[in-house]
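Okay, so here's the structure we're looking at.
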Amino acid sequence: MTEVPPEHRPTSMVFQSYALFPYMNVASNVGYGLRLKKLSKLEISKRTDAMLELVGLRGFAARMPHELSGGQQQRMQLARSLVLERDILLLDEPLAAHAAQLRKEMCFELKRIQQEVGITFVHVTHNQAEAMTVADQVALTSAGKLIEEGTPRAMFEHPKRQFTADFIGDNNVFSGTVTETSSTNALLDIGHAQLSMSHQNISCLVGARAGASLRSEHLAVLPTDAPVPHASQQIMSGTFIKECYFGFTSTSVIRLPDGQDVTVRQLTSSERVQLEPGQTVNLTWRAENARLHLD
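Take any residue in the sequence shown, note its place counting from 1, add 9, and you have its number in this note's numbering.
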């Protein structure tokens, strides 16, 4: 596309800042690109009305941008881009300025609109929850390089790269050396413990440096004298630091012998054992929930 003039590229753009014309009403903003294409007034009115209906702004055509909420202005910008009927819509962090609740609502709206218009949306965001909500396919980049790509579920549940595990989800990430490997499992030495895990078809050799991750919700923290729930579970000792209460869930912080802090997320329950800061505890998890990653 570098050699193609911008006005001839099959794309339209949604900006982080709304970039609306403050002196034009909603209908004029949405129909601006159609006027540049010299379409008839009837065609412009017809397509503008249809697009305002699609984005939920029916009845707002005569309003000025300053009379709209942030979410409504975002919908207007979206309508202005989609009305051009290009093949690809580029979205540059379109929800970054929104409050959490509005961002959540707009994620669902973007997903609905994309499915209705049926074109490709390329959506750039730093918010992983936003990406997981709106995307059919996720590409994770860092320093201009593609790290990993896949469906949101695959990226969350089976990340191949340690960077991905560290970035997506609430994961505890460890680094170590592979000491054993089989067709489906590997053993990783992290210094003070040996972690057994599935390597999910990742090619690894004994002696290679690799990473491992455990999602915080897959860990449990127990007093050292408490029985381990399942014989197949692995155990690692540490020191209880604190617990953070979030209502429905709470997160405990456990410090390992090498100084690394591990988070354990559990459903809040009045029946849970109360732990004291500085108390020695056991971390337990099922071996199949530990995942091997490339560095």
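In this text, a Cβ means the ideal position worked out from N, Cα and C, and glycines have one as well.
Query raised in the report: Enumerated in chain order, which unbroken segments of the alpha helix (DSSP H) with a length of 4 residues or greater are wholly contained in the segment 49-74?
Result: Those alpha helix (DSSP H) runs which fall completely within the segment 49-74 and span 4+ residues are 50-63.
Query raised in the report: By Cβ distance below 6 Å, which residues in the same chain neighbour N181 in space, the five residues on each side in sequence not counted?
Result: Here the set comprises L223 and V271.
Query raised in the report: So does the segment 112-119 actually touch the segment 46-54, counting three or more Cβ pairs closer than 8 Å?
Result: Of all C-beta pairs linking the segment 112-119 to the segment 46-54, fewer than three are shorter than 8 Å, placing the two stretches out of contact.
Query raised in the report: Whose CA, out of H107, G153 and D145, lies closest to the CA of M164?
Result: Ranked by Cα distance from M164, the options H107, G153 and D145 are led by D145.
Query raised in the report: Can you name the start and end residues of the beta strand (DSSP E) that D270 belongs to?
Result: Residues D270 to L276.
Query raised in the report: Does the segment 143-158 touch the segment 191-200, meaning 3 or more C-beta pairs lie closer than 8 Å?
Result: In the pairwise beta carbon analysis, the segment 191-200 is classified as not touching the segment 143-158: fewer than three pairs are separated by under 8 Å.
Requested in this report: Check whether the Cβ atoms of G220 and H167 lie closer than 8 Å to each other.
Outcome: Their beta carbons are not under 8 Å apart, which means G220 does not touch H167 by this criterion.
Query raised in the report: What three-state label does DSSP hand R162 in the structure shown?
Result: It is helical.
Requested in this report: Assuming R84 contacts N34 (C-beta within less than 8 Å), just tell me the rounded distance between them.
Outcome: The Cβ separation is near 14 Å, so there is no contact.
Query raised in the report: Do you know how far the Cα of T277 is from the Cα of F30?
Result: One C-alpha to the other measures close to 49 Å.
Query - Continuous beta strand (DSSP E) stretch holding S21: start and end - result: In this chain, the beta strand (DSSP E) harbouring S21 covers T20 to V23.
Report task. Would you check if the distance between the CB atom of F130 and the CB atom of I156 is smaller than 8 Å? Result -> With respect to I156, F130 sits apart: the two C-beta atoms are not nearer than 8 Å.
Query raised in the report: Between the Cα of E94 and the Cα atoms of T57, R67 and E285, which residue gives the shortest distance?
Result: Looking at the Cα atoms, T57 is the closest of the given residues.
Query raised in the report: Can you list, in chain order, the stretches of the beta strand (DSSP E) that have 3 or more residues and sit fully within the segment 192-248?
Result: Runs of the beta strand (DSSP E) inside the segment 192-248: 194-198, 203-207, 218-224 and 229-232.
Query raised in the report: Under the DSSP definition of a beta bridge, which residues are partnered with E12?
Result: Answer is none; E12 lacks a bridge partner.
Query raised in the report: Whose C-beta lies closer than 6 Å to the C-beta of L204 among residues of the same chain, with five residues either side of it excluded?
Result: Shown here for L204: same chain residues with a beta carbon closer than 6 Å to its own, the five before and five after excluded, namely L197, A221 and A299 in chain order.
Query raised in the report: Cα-Cα, which of R264, S78 and V133 is closest to G153?
Result: Closest by C-alpha distance to G153, out of R264, S78 and V133, is V133.
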